[in-house]
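Engineer:
2 protein chains.
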Amino acid sequence: MVLLDDRTRADRLVSDVSADIINGAFAPGDRLDELSLADRYGVSRTPVREALRRLASSGLVDVRPRRGAVVASITPAKLAELFGAMAEMEATCARLAAIGMTPMERRRLEEFHASMRPLAADGDAEGFAAANLTFHTQIYAGAHNGHLAEIASGLRSRLMPYRRAQFRTPGRLPRSHEEHGAVTAAILAADAPAAHAAMLRHVSLVEESFEQLANGYGDRKQDAGSPDRA
Amino acid sequence: MVLLDDRTRADRLVSDVSADIINGAFAPGDRLDELSLADRYGVSRTPVREALRRLASSGLVDVRPRRGAVVASITPAKLAELFGAMAEMEATCARLAAIGMTPMERRRLEEFHASMRPLAADGDAEGFAAANLTFHTQIYAGAHNGHLAEIASGLRSRLMPYRRAQFRTPGRLPRSHEEHGAVTAAILAADAPAAHAAMLRHVSLVEESFEQLANGYGDRKQDAGSPDRA
DNA sequence: TCACGCTATATTGAATACAATATTTGGAGA
DNA sequence: TCTCCAAATATTGTATTCAATATAGCGTGA
């Protein structure tokens, strides 16, 4: 068999299963039994087990010894904490980026931000979401600290399942783009406190918009961890 | 076969191999081939592989796909990154503590800081180190965000091996206590930016003092984790 | 009817077997 | 002697098999 890249089956499983969790194919609380997963992805249990452990270490799934794995479900309090932590990490990266980004990094960030304008204007939620990730990742990289970047992006992907509809809120796209603009401007101006503040505000607003949605259809118990999907 | 506890073989391997790395049975850079480890610990390759992946996720070993695992050797650059990340996390917690600590938390922090004065004055390095951990932990807790606290304390403990001699530098104790004083004052005054700055400065100074020591010995096997004393 | 315990089944943990890739070693040719 | 290539070897990745534990279902007795 020919591998298309040099990743191992387990590597790809980590991506695939995360994707399926993130895009909702598996909901929080769902059981992830090894045999079904192996079957679903056409591999044996061995790489599935490896992938599950790795996902566990990133917080996306819970594995209970001898009792299997489930998609991690989070209480509202815990979720708020995670959002808060992410906001702080993002703000920290933005501050460091403002201080230390190279001229080329600054130029690329500026260009990339500009390139997102059409997506926001056209209401292309999917395209904007993808570009949004790139935007934030550029700022992680600009902090020039691999560990902070890793922590921040880990938090972001862990929260992804709970942010699925974030850009569906009416008017959210242009507002997000504006907030990106404030962050970008502060970074380009090397204004560290402003970059920190702008990013903190941006991420907190996204969170708020999430909460509105959650309250909107959550009404009964929040859907954060109900095994039955919405 | 009877298990003495409900941990799995892989669980115990994680502890055993970490211990062997920390106490120097395996030195940074050493290859960890699965067969030898399996043989050494009397198990098969399967749990060994699982343990290696987990150790990798905690940063203790490096696994290169299809090329085996080695004991992670932290380069000076990586170490600096880790220190930088820790400083940022601590500063963030201090900022949040300044904003959100309850009156009781503030009072306890103030009292605890005062209680450290004699330790600093008497040059009790060991006592001061223990109290120092408590001081910082109080601030993590004061941030009222369990995740941030977890990240910060994880970084702190991961760096502990490299900071063992930090309070041996002449005059470091009283200076540390002074810096704690600045942090405490800012938190009590609910001055968030000042708390952030004071903590960043404090941790960075500790790092500097470490670097002075580190320049003493090269990157040959550092005493990265001699289990003796704190 | 309910509680309890036992058996049957399902699922995970570990060991072994097999496949694929990386590394080493030896030799051929310049 | 040195370089390069190829076969041999070693080591990791994956599949399969076996073992141990957890869960579910059933029956029995009070």
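Which chain is which? The protein sequence lines are A and B, in order.
So for the first sequence, our numbering puts the first residue at 43; every next one is plus one.
So for the second sequence, our numbering puts the first residue at 43; every next one is plus one.
All C-beta atoms, glycine included, are put in the ideal place defined by N, C-alpha and C.
Hey, is A/S99's beta-carbon within less than 8 Å of any beta-carbon in chain B?
Structural biologist: So yes, A/S99 belongs to the interface.
Engineer: If I'm right that B/H219 touches A/E123 with Cβ under 8 Å, what's the distance once you round it to whole angstroms?
Structural biologist: 32 Å between Cβ atoms; not a contact.
Engineer: Can you check which of these residues, B/L97, B/P118 and B/R49, is closest to B/V56 by C-alpha distance?
Structural biologist: Here the closest residue by C-alpha is B/L97.
Engineer: Can you pull the chain A residues whose beta carbon is under 7 Å from the beta carbon of B/G126, in chain order?
Structural biologist: Going along chain A in sequence order, the residues near B/G126 (Cβ under 7 Å) are N187.
Engineer: Do B/L230 and B/M131 have their CB atoms nearer than 8 Å?
Structural biologist: Contact: no.
Engineer: Beta carbon of B/T50, beta carbon of A/P145: below 8 Å?
Structural biologist: No, the pair does not count as a contact, with Cβ atoms beyond the cut-off.
Engineer: So what does DSSP say about B/D104, is it helix, strand or coil?
Structural biologist: Residue state, collapsed to three classes: strand.
Engineer: Does DSSP put A/V85 in a helix, a strand or coil?
Structural biologist: The answer is coil: DSSP assigns A/V85 none of H, G, I, E or B.
Engineer: Decide if B/A119 is buried, meaning its Cβ has at least 16 other Cβ atoms within 10 Å, or exposed.
Structural biologist: So B/A119 counts as exposed.
Engineer: Starting from B/E130, find everything on chain A with Cβ-Cβ shorter than 8 Å and list it in chain order.
Structural biologist: Result: T134, L138, N187 and L190.
Engineer: Name the chain B residues whose beta carbon is nearer than 7 Å to that of A/R95?
Structural biologist: Going along chain B in sequence order, the residues near A/R95 (Cβ under 7 Å) are E92, R95 and R96.
Engineer: Can you tell me whether B/A172 is buried or exposed, with buried defined as 16 or more other CB within 10 angstroms of its CB?
Structural biologist: That one is exposed.
Engineer: Apply the 10 Å Cβ neighbour rule to A/A228 and answer buried if 16 or more other Cβ atoms are within range, or exposed otherwise.
Structural biologist: Under this definition A/A228 is a buried residue.
Engineer: Mind checking who B/R73 pairs with in its DSSP beta bridge?
Structural biologist: In the DSSP output, where bridge partners are listed per residue, B/R73 has B/V112.
Engineer: Do you know how far the Cα of A/I116 is from the Cα of A/V248?
Structural biologist: Approximately 18 Å, taken between the alpha carbons.
Engineer: Pick out the complete alpha helix (DSSP H) segments inside the segment 175-236 of chain A, 4 residues or longer, and give them in chain order.
Structural biologist: Segments of the alpha helix (DSSP H) lying fully in the segment 175-236 of chain A: 188-201 and 214-230.
Engineer: Between which residues of its own chain and A/A224 is the CB-CB distance below 7 Å, once the five residues before and five after are set aside?
Structural biologist: Excluding residues within five positions, the ones whose Cβ falls inside 7 Å are A240.
Engineer: Within this structure, are the beta carbons of A/A136 and A/I181 separated by less than 8 Å?
Structural biologist: Yes, they are a contact pair.
Engineer: Starting from the beta carbon of A/T50, find every residue of chain B whose beta carbon is closer than 9 Å, and list them in chain order.
Structural biologist: Under the 9 Å cutoff, chain B gives P107 and R108.
Engineer: Nearest-angstrom Cα distance between A/F154 and B/M128?
Structural biologist: So the two alpha carbons sit approximately 30 Å from each other.
Engineer: For the segment 191-216 of chain A, which residues have a beta carbon sitting closer than 7 Å to at least one beta carbon of chain B?
Structural biologist: Correct list: I193.
Engineer: Straight-line CA distance for B/I64 to B/S78?
Structural biologist: Between B/I64 and B/S78, the C-alpha separation is close to 19 Å.
Engineer: I'd like the span of the alpha helix (DSSP H) that includes B/M158, first residue to last.
Structural biologist: Taken as a continuous stretch (DSSP letters only), B/M158 belongs to no alpha helix (DSSP H), as it is neither H nor E.
Engineer: For B/A114, which option in B/R210, B/G71 and B/P216 has the closest C-alpha, if you only look at C-alpha atoms?
Structural biologist: For B/A114, the nearest C-alpha among the options comes from B/G71.
Engineer: Taking 7 Å as the line, does the beta carbon of B/S157 fall inside it for any heavy atom of the ligand GDP?
Structural biologist: The ligand content of the structure shown is nil, which means the ligand GDP is not present either.
Engineer: Quick one: residues in its chain with C-beta nearer than 8 Å to the C-beta of B/T226, no 5 flanking neighbours on either side, listed in chain order?
Structural biologist: L151, E152 and H155.
Engineer: Give me the subset of the segment 140-161 of chain A whose CB atoms are less than 7 Å from a CB atom of chain B, sorted by chain position.
Structural biologist: Answer set for the segment 140-161 of chain A: empty.
Engineer: Does the CB of A/E76 have a neighbour CB from chain B at under 8 Å?
Structural biologist: It does not; no Cβ of chain B falls within 8 Å.
Engineer: Mind checking whether B/V103 and B/L74 have CB atoms under 8 Å apart?
Structural biologist: Cβ atoms of B/V103 and B/L74: closer than 8 Å.
Engineer: Just checking: is the beta-carbon of B/E168 within a distance shorter than 8 Å of some beta-carbon in chain A?
Structural biologist: False, the Cβ-Cβ gap to chain A never drops below 8 Å.
Engineer: How would you label B/A67, buried or exposed, when you count the other beta carbons within 10 angstroms and need 16 or more for buried?
Structural biologist: B/A67 should be labelled exposed.
Engineer: Closest by CA to A/A273, which one among B/T134, B/R95 and B/G165?
Structural biologist: With chain A running from 43 to 272 in the structure shown, residue 273 of chain A is simply not present.
Engineer: Taking a contact to mean a Cβ-Cβ separation below 8 Å, would you say A/A232 touches A/A140 in this structure?
Structural biologist: Taking 8 Å as the Cβ cut-off, A/A232 and A/A140 qualify as a contacting pair.
Engineer: Looking at the secondary structure, which residues open and close the alpha helix (DSSP H) in which B/M131 lies?
Structural biologist: From DSSP, the alpha helix (DSSP H) with B/M131 extends over P118 to G142.
Engineer: For A/E123, which residues in chain B fall below 7 Å Cβ to Cβ?
Structural biologist: Those within 7 Å of A/E123 in chain B are N187, G188 and H189.
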